[in-house]
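Here is the structure we will look at.
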Amino acid sequence: MTLVSRLQSLALTGFLLSLFPLSVALLCFNYALLALDLKPSLRGRLRRSRGFQRHNLLITGIETPHGLHLARAFHSTGHNVTAAATEHRLLPVHVRFSAVLWRFYQLKHTLTDESASESIKEILDIVQNENIDLWIDCSQPRHSSQLRHAKAVVERRSRCLVFLPSDKYTDLFASSDAFLSYAHSQGLPGLDSYQVGSRAEIHDVLNTSRGKKRYKLTGPDGARAKSVLPRRTLSQTYHEISEVMVQKDSPWQLKQHVESQERYTTVGVVVKGHLWAFAASPVSAPQYLDSLPPRSATNKALRSYVEALCRGLGDDFTGHINIDFVTDETPSLTGVEKSHFPVDGRVEPGASLLLFQGLHGYLVLARAYLAVLASVADDVLIKARAGRGVYSLGYDISQLAILPVEKLLTFRIGIIQLFGEFATLAGHILVGQECVYDFRDPLPFCVATQKRAKYIASTDFDKIDQNDIIIISQPPDSQPAIPAC
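Here it is, written out as structure tokens:
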């Protein structure tokens, strides 16, 4: 451990320890304000209303921010939430202390190849003991094949339904290329992609586009050509292609390249082929989500694409749909035309569910998921209202406070840049929504913060795992830099 790392660890430890009494005081103040709030809760009003039907839900992966968010949504709308999670460390998982849980079960096994049968038995026992109506898995990472097997067992041996697409949709979303190929087969717009087995085929594609589109070459081993095609001059383009070792028996992939940094991520809750809830967020910064206004042209365009995709999937599809988009700008006589193209699609719950905020967001989520139980009569799409941006305090302190100070001390940035980072941090805290904190359920956030503080304080600075600082989970490396808060 170097002297610099030791000093960094000592400084960070002192900073975190100084926050402990402050966090305890803020927690007590939070509960004092709750005690003064005498308004009847939405949960109580709904449960007393005529015709209300209460459901029992099981959420696994409750330790993720969106898993806890779903639990709060169902609890606030009058339902009972049972949660299950594995606890690998001595300290209990923070969601165990949530006030919204009806029951909490500690799982001894995870849905992996080695312990799948034991884990499925544990889950089935919970489903039968708690009379569960609907099981939603929010685990990260997901073990898709084991989860599908668990779905089959649970639905065969109980009356519980599992919010997961059936096996026939597995291959369609197995990879980004598989998803894009399926979307193209449905006539949906997308970026051009070609398998080229000779240099002549590359030239044919470039000549057809007449310079209006640009492309990236990727070899069968994943290696990419140095430049985007076509180059600035014809001779440069020919020279670049002449260096490509492309053959018929090992074709390369020629993909349309969009240089725009304007990207979006979307989430949809789909029941029997109908899109029941939808939200979209621009990808403006890592680990930060900010919902698009529902009436904006971009939101409408993205929603139309997802709705068309759902219609193509058919009435058998029930699950989540997450699609990431990139925007291409084309000059026209009237200005600049924007086209939105998908770059990846996944069928798993993600951080964008956090965009459904407040009581309205809770009602939207509960209504969408419970449609699978046939407890809702119609299929009218409800959009997320434009709310506050969602951020992770752990990530922001790490990247917008600690890291900038370290860069300042090592003369990599100036004082103006430092205060710029501080201003961004202050903006998130003052006007944003922390991804775990909730005014009516503050204890999980407090416990999670203290657990991470103790871990960081007992670990060398240069050996700290970011996943133990960042409460928002990181996206897989194969995906675009879409926040997974």
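So for the sequence shown, the numbering used here puts the first residue at 1451; every next one is plus one.
Glycine included, C-beta positions come from ideal geometry on N, C-alpha and C.
query, result
"Counting pairs of Cβ atoms below 8 Å between the segment 1686 to 1697 and the segment 1715 to 1731, do you hit three or more?", "no"
"Could you compute how far the alpha carbon of T1536 sits from the alpha carbon of V1543?", "8 Å"
"Would V1733 and N1772 qualify as a contact pair, given that the criterion is a beta-carbon distance under 9 Å?", "no"
"Note the first and the last residue of the continuous beta strand (DSSP E) segment covering G1785.", "1785 to 1796"
"I'd like the list of long-range same chain contacts for A1827, defined as Cβ closer than 8 Å, with 5 residues on each side in sequence excluded.", "Because the pLDDT at A1827 is just 48, under 50, the model does not fix this residue reliably, and the value given afterwards should be weighed accordingly. Nothing listed; no residue qualifies."
"I need the straight-line Cα distance from K1788 to F1775, nearest angstrom please.", "12 Å"
"Pull up the DSSP beta-bridge partners for K1750, would you.", "Paired residues: none, contrary to the question."
"Have a look at D1891, V1897, L1804 and flag the residue whose alpha-carbon is nearest the alpha-carbon of Q1737.", "L1804"
"Would you mind sorting T1562 into buried or exposed? The rule is 16 or more other CB atoms within 10 Å of its CB.", "exposed"
"Are there 16 or more other CB atoms within 10 angstroms of the CB of H1538, so buried, or fewer, so exposed?", "exposed"
"Find out if the Cβ-Cβ distance for the pair S1741, R1835 is shorter than 9 Å.", "yes"
"Enumerate in chain order the residues of its own chain whose CB-to-CB distance from L1492 is below 6 Å, with the five nearest sequence positions on each side excluded.", "S1526, L1809"
"Please name the residue, chosen from R1598, R1682, R1504, W1702, that lies closest to D1621 on a Cα-to-Cα basis.", "R1598"
"Should V1886 and P1894 be called a contact, given that it needs their Cβ atoms to be closer than 9 Å?", "yes"
"Helix, strand or coil for K1662? Go by DSSP, reduced to three states.", "coil"
"Whole angstroms is fine: what's the gap from Y1812's alpha carbon to A1521's?", "10 Å"
"Based on the DSSP secondary-structure assignment, which residues constitute the bridge partners of E1884?", "Y1841"
"T1510: which of P1471, S1569, A1475 sits nearest, CA to CA?", "S1569"
"Confirm, please, whether the CB-CB distance from A1727 to V1814 is below 9 Å.", "yes"
"At what residues does the alpha helix (DSSP H) containing Q1590 begin and finish?", "Element bounds for Q1590: n/a, residue is neither H nor E."
"In chain order, what residues of the same chain lie with their CB nearer than 8 Å to the CB of A1758, ignoring the 5 residues before and after it?", "Q1636, L1638"
"Which of the three DSSP states is assigned to A1624 in this structure?", "coil"
"Report the rounded CA-to-CA distance for S1710 versus P1670, giving the unit in angstroms.", "26 Å"
"Quick check: what's the CA-CA separation for W1702 versus V1550?", "52 Å"
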